[in-house]
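Colleague:
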Amino acid sequence: MQYITQTITGADGSNAQFIGYVIDNSPEIDEQRTRPAVLILPGGGYEMTSDREAEPIALRFVGAGYHAFILRYSTFPSLYPTALLQAAAAMQLIRAHASQWHVKADAICVLGFSAGGHLAANLSTTASDDVLQANGFQPNEVRPNGLMLSYPVISSGEFAHRGSFDHLLGEQKDNPQMLQQLSLEQHINSVTPPIFVWHTLTDTAVPVENTLMLISACRAAGVSIEAHIFPEGDHGLSLGTWETSHNKQQVVPAVQPWFDLAVHWLGRTLL
Numbered sequence: 001m002q003y004i005t006q007t008i009t010g011a012d013g014s015n016a017q018f019i020g021y022v023i024d025n026s027p028e029i030d031e032q033r034t035r036p037a038v039l040i041l042p043g044g045g046y047e048m049t050s051d052r053e054a055e056p057i058a059l060r061f062v063g064a065g066y067h068a069f070i071l072r073y074s075t076f077p078s079l080y081p082t083a084l085l086q087a088a089a090a091m092q093l094i095r096a097h098a099s100q101w102h103v104k105a106d107a108i109c110v111l112g113f114s115a116g117g118h119l120a121a122n123l124s125t126t127a128s129d130d131v132l133q134a135n136g137f138q139p140n141e142v143r144p145n146g147l148m149l150s151y152p153v154i155s156s157g158e159f160a161h162r163g164s165f166d167h168l169l170g171e172q173k174d175n176p177q178m179l180q181q182l183s184l185e186q187h188i189n190s191v192t193p194p195i196f197v198w199h200t201l202t203d204t205a206v207p208v209e210n211t212l213m214l215i216s217a218c219r220a221a222g223v224s225i226e227a228h229i230f231p232e233g234d235h236g237l238s239l240g241t242w243e244t245s246h247n248k249q250q251v252v253p254a255v256q257p258w259f260d261l262a263v264h265w266l267g268r269t270l271l
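So that you can map any letter, position 105 of the sequence shown is 105 in full-length UniProt numbering, and since no number is skipped, the others follow by simple counting.
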């Protein structure tokens, strides 16, 4: 396996860390094999990027036969659209190296947790198209082929995780035009890729209504979505196992099936 690290510099001079876990081909199996890939965007309220939602997730995907990449994007005091442009650059980097890294270039999914889910959905929908074009990206060239979301921040309205938008927008946090642009349930349409999402009913940080609104928007737009609402567990559970737990409250057997469900969805969606 190749372990890849690169720095992606933001427009504000901040640095994002791009990390790749690339599975080697073997002459004993298939020297020409290409694999789908997952780009992981950890959460952290646009204030940090969580370790619990980074390498442990990547290693599980490698074990399932997927190349895995992590983007530790810039967070506060870096503001919008710094992280978005870094995510676009990460997608561009993966596709540019698809041959070298044996990546199936039309089978790249982005997985976002919490605020990382907001970033992933922003990159995946047309909400970001104008900003991407203004900064030299062709939106369709950096849009992923699938979108996976774990307890995502979606809406900037009544059920918003206000801290995420405060850290993302800084002094513009009350700007209604910016908030509407970044309320992503309003930007689901025919170019939105297929979606897998999970949440818990008892999430006290990012209310489950964020996911329910996403489901409704996808249904209205005819976008394929697989959604799993689990009955218990608070926010930020990652895998819900001891491996990713900070305390025993983060070990929640009810949510642990999400990873296998996501892998099955990937197999049906990307392969």
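Ideal Cβ placement from N, Cα and C applies to all residues, glycine included. Small disclaimer: the values here were computed from a predicted structure and weren't measured.
Which whole-angstrom value is the C-beta distance of Val153 and Asn210, which I expect to be below 8 Å?
Modeller: 6 Å
Colleague: Report the CB separation of Leu270 from Asn145 in whole angstroms; it is logged as a contact under 8 Å.
Modeller: 6 Å
Colleague: Output the residue ranges of the beta strand (DSSP E) runs that lie fully inside the region 14-43 and measure 3 residues or longer, sorted by chain position.
Modeller: 15-22 and 35-41
Colleague: Since Ile225 sits in a beta bridge, which residues does DSSP pair it with?
Modeller: Ile195
Colleague: With DSSP run on the structure shown, which of helix, strand or coil describes Val251?
Modeller: Residue state, collapsed to three classes: coil.
Colleague: In the DSSP assignment, find the unbroken alpha helix (DSSP H) run with Arg52 in it and report its ends.
Modeller: Membership of Arg52 in any alpha helix (DSSP H) is not indicated, and neither H nor E is assigned to it by DSSP.
Colleague: What span of residues does the alpha helix (DSSP H) with residue 279 cover, start to end?
Modeller: In the structure as shown, the chain starts at 1 and stops at 271, and residue 279 therefore has no counterpart that could be examined.
Colleague: Using C-beta distances below 7 Å, list every residue in its chain close to Cys218, excluding the 5 sequence neighbours before and after it, in chain order.
Modeller: Ile188, Ile195 and Ile225
Colleague: Look at Glu53 and His167 and say whether their C-beta atoms are less than 7 Å apart.
Modeller: no
Colleague: Identify whether Asp106 lies in helix, strand or coil by the three-state DSSP scheme.
Modeller: DSSP places Asp106 within a strand segment (E or B) once states are collapsed to three.
Colleague: Look at the alpha carbon of Gly170 and the alpha carbon of Ser238, and state the distance between them as a whole number of angstroms.
Modeller: 27 Å
Colleague: Going by Cα to Cα distance, which pick from Arg33, Ile108 and Phe76 is closest to Phe69?
Modeller: Ile108
Colleague: Per DSSP, Ser150 forms a beta bridge with which residues?
Modeller: Phe113 and Trp198
Colleague: Please confirm if Gly267 has its CB atom under 7 Å from at least one CB of chain C.
Modeller: In summary, chain C is missing from the structure at hand, where a single protein chain is found.
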